[in-house]
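Chains as they are written, first to last, in the working numbering: chain A, -10 to 104; chain B, 8 to 118.
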Amino acid sequence: DAGITQSPRHKVTETGTPVTLRCHQTENHRYMYWYRQDPGHGLRLIHYSYGVKDTDKGEVSDGYSVSRSKTEDFLLTLESATSSQTSVYFCAISDRGRQGQETQYFGPGTRLLVL
Amino acid sequence: GQNIDQPTEMTATEGAIVQINCTYQTSGFNGLFWYQQHAGEAPTFLSYNVLDGLEEKGRFSSFLSRSKGYSYLLLKELQMKDSASYLCAVRGGGATNKLIFGTGTLLAVQP
């Protein structure tokens, strides 16, 4: 358990509304990531953070923004939700594993449905 | 480009052995990871390889050949609870620890 929580766990919203998903970690990890997971596409990186106020884009960042104002929280915002953003969103942190490697550990996920 | 290939689905029998293959083409290589994901749940870390050869962890083993861009996950003494998706992921170059994931292999274990 890497001490990661996500909220909300489920959300239904309408097209055009803003949505913010929260990822919270309790163990002071530097790196945090947001992924989406869709059938046939696997996990795709949206944005990641390498420190407070330090963020960068992943492969599917269009339509998403992020903020990290403190170490423990990484927020993902859909400024104007579209049906194509219906997905399962996972947050992850990076921590050193048993073999000394940096390993990503995932939060429980948020299921988002955009109608 | 960057590409990771895995079979989409596999079926195996309880008590048997199954091998899930993964081939990759990435710009830079800094380790290969296997994750297990049960339906409706988050991926959980299974194994890591960065050098060629076999890493064994209980019933699960993972193999890597960097020259061939190839890995496999070997599951022995299959149990019904091993029914899940298995995700292969490669960490490329750079210091950001970013992973590139394959689309996953859905394994169904039958009695």
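In this text, a Cβ means the ideal position worked out from N, Cα and C, and glycines have one as well.
Counting only C-beta atoms, is residue 118(B) closer than 8 Å to chain A at any point? As a working mapping, residue 118(B) is identified with position 111 in the second sequence. By this cut-off, residue 118(B) is not an interface position.
Which one of 37(A), 25(A), 76(A) has the shortest CA to CA distance from residue 60(A)? The sequence position of residue 60(A) within the first sequence is 71, counting from 1. Closest by alpha carbon: 37(A).
What residue from 15(A), 69(A), 70(A), 21(A) has the CA that sits closest to residue 47(A)'s CA? Counted from its first residue, the first sequence places residue 47(A) at position 58. Per the Cα distances, 21(A).
Residues in the segment 29 to 50 of chain A with C-beta within 8 Å of chain B's C-beta atoms, listed in sequence order? 29, 30, 31, 32, 33, 34, 37, 39, 45, 47
Beta carbon proximity, residue 74(A) to chain B, threshold 8 Å: One-based indexing of the first sequence puts residue 74(A) at position 85. Residue 74(A) does not count as touching chain B.
Chain A contact residues for residue 109(B), given Cβ-Cβ distances below 7 Å: Within the second sequence, the letter at position 102 stands for residue 109(B). Here the neighbours are 31.
Anyone know if the C-beta pair for residue 30(B) and residue 12(B) falls short of 8 Å? Residue 30(B) sits at position 23 when you count from the first residue of the second sequence. Residue 12(B) sits at position 5 when you count from the first residue of the second sequence. Result yes, Cβ atoms of residue 30(B) and residue 12(B) sit closer than 8 Å.
Sequence-distant residues of its chain with Cβ nearer than 6 Å to residue 5(A) (five each side left out): Position 16 of the first sequence, counted from the first residue, corresponds to residue 5(A). Excluding residues within five positions, the ones whose Cβ falls inside 6 Å are 69.
Less than 8 Å separating the beta-carbons of residue 4(B) and residue 35(B)? In this structure chain B extends from 8 to 118, so residue 4(B) is not present and cannot be described.
Cutoff 8 Å: residue 88(A) Cβ touching any chain B Cβ: Looking up residue 88(A) in the first sequence gives position 99. Taking Cβ atoms only, chain B reaches closer than 8 Å to residue 88(A), which makes this a yes.
Looking only at its own chain, which residues have a Cβ that is under 7 Å from the Cβ of residue 66(B), when we skip the five neighbours before and after it? Here residue 66(B) corresponds to residue number 59 of the second sequence, with the count starting at 1. Result list for residue 66(B): 82, 83, 84, in chain order.
Residue 72(A) to residue 62(B) span [Cα, whole Å]: Here residue 72(A) refers to the residue found at position 83 of the first sequence. Here residue 62(B) refers to the residue found at position 55 of the second sequence. Between residue 72(A) and residue 62(B), the C-alpha separation is close to 42 Å.
Residue 94(B) beta carbon less than 8 Å from that of residue 25(B): As a first step, residue 25(B) is located in the second sequence; it is residue number 18 there, counting from the start. As a first step, residue 94(B) is located in the second sequence; it is residue number 87 there, counting from the start. In this structure, residue 94(B) does not lie closer than 8 Å to residue 25(B) by Cβ.
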